[in-house]
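Be aware that the sequence shown starts at 2, since it is given in my numbering, and climbs by one per residue. Where is the CB? At the ideal position from N, CA and C, for every residue including glycine.
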Amino acid sequence: MLKHPETKYRPMPPVGLKDRTWPDQVISKPPIWMSTDLRDGNQALFEPMDAQRKMRMFKTLCAIGIKQIEV
């Protein structure tokens, strides 16, 4: 696994459309990754998670370095 995977890709060149402003916008920083595994939409799972399983999932997400977790 690459230590800095962001260096693998080149930015897309801007598209020059004179009548629009959004194609000229460039993404300059990576997106914020957030886990949504623990939010209340969990009832859609075949077997919804109980409190113990959610806590195990929370600890696992923290252990792998997820900084933002939606609950």
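Looking only at its chain, what residues have a beta carbon closer than 7 Å to the beta carbon of residue i, apart from the 5 residues adjacent to it on each side?
{"i": "D25", "result": "P15"}
{"i": "P31", "result": "E7"}
Report yes if the CB atom of residue i is closer than 9 Å to the CB atom of residue j, and no otherwise.
{"i": "W34", "j": "K68", "result": "yes"}
{"i": "D38", "j": "M58", "result": "yes"}
With a threshold of 6 Å on Cβ separation, who are the neighbours of residue i within its own chain once the five nearest residues in sequence on each side are excluded?
{"i": "W23", "result": "none"}
Check for me: the alpha helix (DSSP H) holding residue i runs from which residue to which?
{"i": "R57", "result": "52-64"}
Report all residues from its chain with a CB closer than 8 Å to the CB of residue i; omit the five preceding and five following residues, and keep chain order.
{"i": "K9", "result": "L3"}
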